[in-house]
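J.:
Numbering (the working numbering), first residue to last: 1 to 272.
1) Cα separation between residue 173 and residue 245?
2) Of all the options 12, 34, 10 and 107, which has the alpha carbon lying nearest to the alpha carbon of residue 19?
3) When we look at the beta-carbon of residue 175 and count the other beta-carbons within 10 Å, is it buried (16 or more) or exposed?
4) Find out if the Cβ-Cβ distance for the pair residue 31, residue 15 is shorter than 7 Å.
5) Got a sec, what are the start and stop residues for the beta strand (DSSP E) residue 209 sits in?
6) For residue 26 and residue 35, which I take to be in contact (beta-carbon distance under 8 Å), what is that distance rounded to the nearest angstrom?
7) Buried or exposed: residue 126, going by 16 or more other Cβ atoms within 10 Å of its Cβ?
8) Measure the C-alpha to C-alpha separation of residue 102 and residue 239 and round it to an integer number of angstroms.
9) So does residue 136 have its beta carbon nearer than 6 Å to some heavy atom of the ligand FMN?
10) For a test of the three-state rule: what should DSSP assign to residue 107, helix, strand or coil?
11) Have a look at residue 95 and residue 87 and give me their C-alpha separation to the nearest angstrom.
12) Just to confirm, is the Cβ distance from residue 177 to residue 168 under 7 Å?
13) Using the three-state DSSP reduction, which class does residue 62 fall into: helix, strand or coil?
14) Residues in its own chain within less than 7 Å of residue 99 by CB, not counting five upstream and five downstream?
15) Which class does residue 184 belong to by DSSP, given the choice of helix, strand or coil?
16) Can you grab the Cα-Cα spacing for the pair residue 147 / residue 251, in whole Å?
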């Protein structure tokens, strides 16, 4: 029988919150004053967790929810958040009877934007309806809109990807060294580590100098030399690179010769 909550004057209810990271780690929290184990997950006591009002709708409008405070729990570190370990993590929010451990999930979605006010973290929760907010109509741009080796590009990622080993890690400058690579090929590229706490997370290469590649998000302190990785070449999305380097101008998804707004601002000049 499904438990009916708040049908009596004295209720033994608490809220709970679960995080399922893409690397397989599951974390649970509860607003109760002691840990609770149910549903195959140990929920840590986090009395400071304050779920916002959850609004569920039957139409196509987005459902709003959020959690404040829980992200400041000791189980979730600032380094893990900034390193992307919680990006697009699956979220469940619900209510539990802390005596009988009957529980009901009220909201499920993914973890969206995370903000830090120096006192703690706040997480925005997104339901499955968030995909309806995506703009499906392409906008004109002088550069290519397609993801390199992705949909619309037409190139195979296997041609431009190689397995490598990290030779050295520089945490201060957030960069790694991989010997034998060309900086011109991998500038604007991507790397995924195949071992360690950041396995599978896509790092964009924002700078390349010699054998050193600077990445867009903080590296884990546990990353060390010898870590295997997949390295994908980069593309600056210009027509020149697409045509001359990759011979793929036919699939270029941009309008490099379309006049810009500056043309509308020009003054007409009469004949003198």
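Note that the Cβ used here is the ideal one computed from N, Cα and C, for glycine as well.
T.: The relevant details are as follows:
1) Roughly 30 Å separates the two Cα atoms.
2) If we check each option's Cα against that of residue 19, 107 comes out closest.
3) Its Cβ being crowded by 16 or more others within 10 Å, residue 175 is buried.
4) Result yes, Cβ atoms of residue 31 and residue 15 sit closer than 7 Å.
5) Unbroken beta strand (DSSP E) run through residue 209: 202 to 209.
6) The pair is not a contact, with the Cβ atoms about 14 Å apart (cut-off 8 Å).
7) The residue is buried, with at least 16 neighbouring Cβ atoms inside 10 Å.
8) The alpha-carbon atoms of residue 102 and residue 239 are separated by roughly 59 Å.
9) Only the bare structure without any ligand can be found here, which leaves the ligand FMN out of the picture.
10) Of the three classes helix, strand and coil, the one that applies to residue 107 here is strand, per DSSP.
11) Taken atom to atom, the span from the alpha-carbon of residue 95 to that of residue 87 is near 24 Å.
12) Contact: yes.
13) Only weak support exists for where residue 62 lies, its pLDDT of 49 falling under 50; the value from the coordinates is given anyway. Correct three-state label for residue 62: coil.
14) Taken in chain order, the residues that qualify are 12.
15) Here residue 184 sits in helix by DSSP.
16) Between residue 147 and residue 251, the C-alpha separation is close to 12 Å.
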